[in-house]
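In order, the protein sequences belong to chains A and B.
The end of the first sequence is residue 431 by the numbering used here, with every number in the run present.
The end of the second sequence is residue 431 by the numbering used here, with every number in the run present.
Step one of this worksheet: look at the structure below.
There are 2 protein chains.
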Amino acid sequence: MKAEVLSIGTELLLGEILDTNAQYLSRELQNLGFDLYHRVTVGDNVERLTRAFEAALARADLVVSTGGLGPTSDDVTCEALARALGRELVFSEEAWEMVKARLEVRGRSPCDSDRKQALLVSGATFVPNRVGAAPGQVVREGGKTIVLLPGPPREMIPMWEEDVRPLIRRDFPGLRPLFSEDLKLVGIPEALVQETIGDLFQSPDPTVAPYVGLGEVRIRVATRDSDEQRARARIKHVVDTIRSKLGKYIYGSDGDELESVVGELLVRKGLSLAVAESCTGGLVAHRITSVPGASRYFKMGLVAYGPRAKWECLGVRKEDVERDDAVNPEVAISMARGIRAMAAADIGLSTTGFAGPSGGAPGAPVGTIYVGLVWPNGNYVEVQRYPGNRSTVIGLGAQAALALLWRFLARGLEE
Amino acid sequence: MKAEVLSIGTELLLGEILDTNAQYLSRELQNLGFDLYHRVTVGDNVERLTRAFEAALARADLVVSTGGLGPTSDDVTCEALARALGRELVFSEEAWEMVKARLEVRGRSPCDSDRKQALLVSGATFVPNRVGAAPGQVVREGGKTIVLLPGPPREMIPMWEEDVRPLIRRDFPGLRPLFSEDLKLVGIPEALVQETIGDLFQSPDPTVAPYVGLGEVRIRVATRDSDEQRARARIKHVVDTIRSKLGKYIYGSDGDELESVVGELLVRKGLSLAVAESCTGGLVAHRITSVPGASRYFKMGLVAYGPRAKWECLGVRKEDVERDDAVNPEVAISMARGIRAMAAADIGLSTTGFAGPSGGAPGAPVGTIYVGLVWPNGNYVEVQRYPGNRSTVIGLGAQAALALLWRFLARGLEE
């Protein structure tokens with residue numbers, strides 16, 4: 017079964033908007049089991065849009081469009097589809113009630129031009145919009161299905177997930193949807209992933225593929241099946257194999273984020289945290305506090321940017337900061353120890369290094385970052401040298417700090 | 017003159033990659049003066065790709081494609097264009113030398129499949145790639161121009177800017193490019209912008225349009241002209257009018273960022289800064305230290321997340337933190353005063369509030385943020401109540417803190 021995505025809107029062709037809908041729907045359609053060979057973007061022009069619908073219907077069994085359903089005269093998606101199918105537009109009282117209800121929620125009284133949003137292609141089923149005013153439509157023609165959805169993602173995505181996707185599953189019962197599980201790893205270079213489970217990457221089913229992110233590796237295990245349980249069982253088998261070989265690097269799966277996983281571990285262990293940052297400039301604290309409820313375990317963060325802040329507030333020895341290399345393991349450990357004491361926290365975490373573009377020191381070029389960790393009866397420091405520009409080095413440094421903390425909390429630092 | 021953008025790559029249709037190239041090139045082509053009516057995405061399939069080139073050439077004077085120029089067998093862009101034009105592929109020694117040089121820089125020795133990247137459509141001019149291996153190509157046919165560029169943006173964008181764009185300007189001398197200037201404003205609601213210069217938004221040329229960002233408003237003034245000087249003069253006239261009415265809110269233009277502008281003002285005035293953050297959790301410090309050279313003026317940041325950090329480190333009065341509302345003007349001012357003293361800085365800046373989703377207090381619901389500012393002979397506090405989720409409130413709070421600091425440095429807080 018073939019599908020095609022049609023992105024509609026002159027603002028897209030002007031480059032004013034990044035078309036995230038096209039990516040989202042492509043992935044969704046692939047996941048449902050459709051083949052997708054074309055994606056087309058057209059402006060709000062009724063002739064060109066009519067031809068785009070005709071071309072898509074000639075090629076695909078399912079056409080999904082986004083955009084051009086609003087109340088203004090340049091919104092012509094509905095009219096174009098009616099023309100392409102040789103049908104009329106009909107006013108739907110049911111759709112109109114819903115449009116009016118949505119406008120009322122926003123405190124607007126409906127005006128004449130709003131009635132346009134209740135015009136449906138003759139024979140269409142309308143799809144309720146619980147966020148915005150314009151409803152969507154599902155039209156069927158000679159075994160093919162056409163779906164019209166509004167352009168704003170916060171309207172389009174819930175309509176797709178709640179109404180359209182289940183409906184498409186019913187319209188196309190023979191599909192073999194894609195099921196997948198993502199494993200997320202830190203503290204392991206991609207090459208070592210390749211070396212350890214490279215043979216799995218050749219597996220035709222389930223497929224196993226690595227993706228490299230900022231300071232982490234994601235491994236996706238995926239398979240297609242008309243039966244979800246059967247698919248999940250096949251995936252679990254491969255995931256178990258990967259876990260048996262790389263388990264100690266896996267911090268989570270699918271939507272998990274390192275800062276949330278670390279937060280849960282701190283809560284579970286009843287430990288509190290304080291952070292002293294130099295080169296990462298507050299990014300570690302920002303990531304930790306972006307998690308709701310972080311105040312349960314996060315006590316304090318200090319951005320000790322200059323040398324003076326390091327010795328005055330954190331008790332770092334002046335001679336360590338004034339050494340030729342300026343950033344070194346002693347500074348990292350003293351910073352972590354200092355913030356731990358200052359905040360009366362169980363764990364102190366620190367970063368110090370050179371983010372660039374200028375700076376650096378003998379033995380510590382730009383990109384060098386030390387991460388320090390101090391806990392009640394021990395301490396640990398590691399050094400990394402990162403390539404890339406300032407923002408990449410800062411991002412990788414913050415990720416390294418969180419990864420070290422995760423390793424400590426999840427399995428200890430011995431191995 | 018019509019242009020068309022062709023995005024090539026099966027990974028795009030799988031939804032694995034967000035197609036930022038299409039947006040970038042759409043904007044660039046519009047800016048150059050082309051009309052853009054279609055944008056098409058096709059996978060790495062030589063038949064479908066050949067038909068896509070044929071369709072684009074039937075509709076447009078200029079076709080720009082990205083992707084499918086690599087060394088592997090699924091990269092078939094070049095072959096598809098040759099088929100569409102009925103031409104041969106020819107091996108270019110000159111291109112091959114460049115491919116080999118690029119591979120050497122990466123420490124790779126060229127292998128057989130790499131030779132594919134030196135195959136050009138007969139008659140093509142090749143475009144050097146200074147980042148990756150695959151060169152681009154410019155092909156001319158019957159008054160039309162076809163440009164093939166690689167997919168990775170960090171390769172594509174420099175090739176477009178340095179080589180292709182000037183060449184297109186020469187190929188199409190009659191174009192009327194778009195020139196524009198963006199003004200960036202903080203501390204003014206969009207409604208007040210509308211009220212003050214709303215009449216300008218009706219102006220047909222130059223056009224004036226407002227865009228709302230996170231805690232800031234951008235006003236774009238734009239016009240088309242074959243002569244840049246003439247265009248710039250028309251833009252300046254309108255910009256001057258806007259400046260005369262809204263000048264005190266304008267912190268910069270075009271690529272300026274609030275944290276860089278604030279940094280320049282601190283350097284120019286020889287002032288140093290320290291920041292104490294509660295609800296913004298380190299984001300203010302992170303934004304300030306994301307600017308290269310921030311160590312010249314940024315002394316220290318403290319993320320005083322819990323109440324204890326506020327009274328123990330910053331000297332906030334315990335009774336102010338323990339008041340029913342917990343966040344209040346007194347806490348904000350004491351935090352700014354405390355961090356200023358602790359860091360021996362000229363200026364102390366603070367944030368305290370409730371980012372949500374839970375929390376809040378009587379008189380200070382979720383979304384309430386106080387920003388405090390203390391300098392040698394004065395202090396100031398302001399309160400905002402923001403809608404939105406945790407990350408939006410944190411983002412708006414950090415923006416408000418930087419905006420207040422900018423206002424203080426740029427023009428004082430009296431008016």
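Heads up, the beta-carbon is just placed ideally off N, CA and C, and yes, glycines get one too.
Computed from a prediction, not measured in an experiment: that's the story for all the values here.
Compare the C-beta of residue i with all C-beta atoms of chain A and state if any pair is closer than 7 Å.
i	result
K200 (chain B)	no
V255 (chain B)	no
V415 (chain B)	Sequence check: residue 415 (chain B) is Gln here, not Val. No, Q415 (chain B) lies away from the interface with chain A (no Cβ there is under 7 Å from its Cβ).
T368 (chain B)	no
L52 (chain B)	yes
S311 (chain B)	yes
V56 (chain B)	yes
T305 (chain B)	yes
R240 (chain B)	no
S288 (chain B)	no
R118 (chain B)	no
R339 (chain B)	no
Would you list the one or two residues that DSSP bridges to residue i?
i	result
W391 (chain A)	A:G394
Y227 (chain A)	A:R234
K18 (chain A)	A:D51
Y386 (chain A)	A:T368, A:V399
Taking C-beta pairs closer than 8 Å, name the residues in chain A that residue i reaches, listed in chain order.
i	result
C127 (chain B)	Simply none; closest approach about 19 Å.
A5 (chain B)	Here chain B comprises residues numbered 17 to 431, so residue 5 (chain B) is not present and cannot be evaluated.
Whose Cβ in chain A lies nearer than 7 Å to the Cβ of residue i?
i	result
D221 (chain B)	Going along chain A, no residue has its Cβ under 7 Å from D221 (chain B), so there is no contact; the nearest lies around 17 Å.
F314 (chain B)	Y321
Q46 (chain B)	L30, G31
Given a cut-off of 7 Å on the beta-carbon distance, is the pair residue i and residue j in contact?
i	j	result
A414 (chain A)	T296 (chain A)	yes
E70 (chain B)	A98 (chain B)	no
S108 (chain B)	L136 (chain B)	yes
T368 (chain A)	Y386 (chain A)	yes
I266 (chain B)	L201 (chain B)	yes
G203 (chain A)	A426 (chain A)	no
M316 (chain B)	A325 (chain A)	yes
L281 (chain B)	Y313 (chain B)	no
What is the residue span of the beta strand (DSSP E) that residue i lies within?
i	result
G152 (chain B)	152-157
M316 (chain A)	314-320
D91 (chain B)	No beta strand (DSSP E) holds D91 (chain B); DSSP gives it neither H nor E.
L28 (chain B)	Counting along the chain, L28 (chain B) falls outside any beta strand (DSSP E), though it belongs to the alpha helix (DSSP H) covering 26-29.
S269 (chain B)	266-269
L105 (chain B)	105-107
K160 (chain A)	160-165
S81 (chain A)	78-82
Would you mind telling me which residues of chain B sit closer than 8 Å to residue i, beta carbon to beta carbon, in chain order?
i	result
D35 (chain A)	D35, A38, Q39
M351 (chain A)	Within chain B, no residue comes near M351 (chain A); the closest Cβ sits about 13 Å away, beyond 8 Å.
L299 (chain A)	G298, H302
G268 (chain A)	Those do not exist, as G268 (chain A) stays about 19 Å from chain B at its closest Cβ, beyond 8 Å.
R43 (chain A)	L30, G31, E32
Against residue i, what residues of chain A qualify as contacts under a CB-to-CB distance less than 9 Å, listed in chain order?
i	result
V224 (chain B)	By Cβ distance, chain A contributes nothing, its closest Cβ being about 15 Å from V224 (chain B), past 9 Å.
M17 (chain B)	Neighbours of M17 (chain B) on chain A: none; closest Cβ ~15 Å, over 9 Å.
C329 (chain B)	M316, L318, C329, M358, A359
Are the C-beta of residue i and some C-beta of chain B separated by less than 7 Å?
i	result
G404 (chain A)	no
E82 (chain A)	In the sequence under discussion, the amino acid at residue 82 (chain A) is Thr, which differs from the Glu named in the question. No, T82 (chain A) lies away from the interface with chain B (no Cβ there is under 7 Å from its Cβ).
P308 (chain A)	yes
S260 (chain A)	no
P373 (chain A)	yes
R192 (chain A)	no
G388 (chain A)	no
A247 (chain A)	no
R284 (chain A)	no
Could you spell out the range, first to last residue, of the alpha helix (DSSP H) harbouring residue i?
i	result
L65 (chain A)	62-75
A350 (chain A)	Inspection of the sequence shows that residue 350 (chain A) is occupied by Ser rather than by Ala. Residues 345-359.
Y40 (chain B)	36-48
A140 (chain A)	Careful: A140 (chain A) lies outside any alpha helix (DSSP H) and carries neither H nor E.
S196 (chain B)	No alpha helix (DSSP H) holds S196 (chain B); the beta strand (DSSP E) holding it covers 194-201.
E293 (chain A)	That residue, E293 (chain A), is in no alpha helix (DSSP H); its beta strand (DSSP E) goes 289-293.
W422 (chain B)	406-427
D187 (chain A)	181-187
G148 (chain B)	Segment: none, G148 (chain B) is in no alpha helix (DSSP H) and carries neither H nor E.
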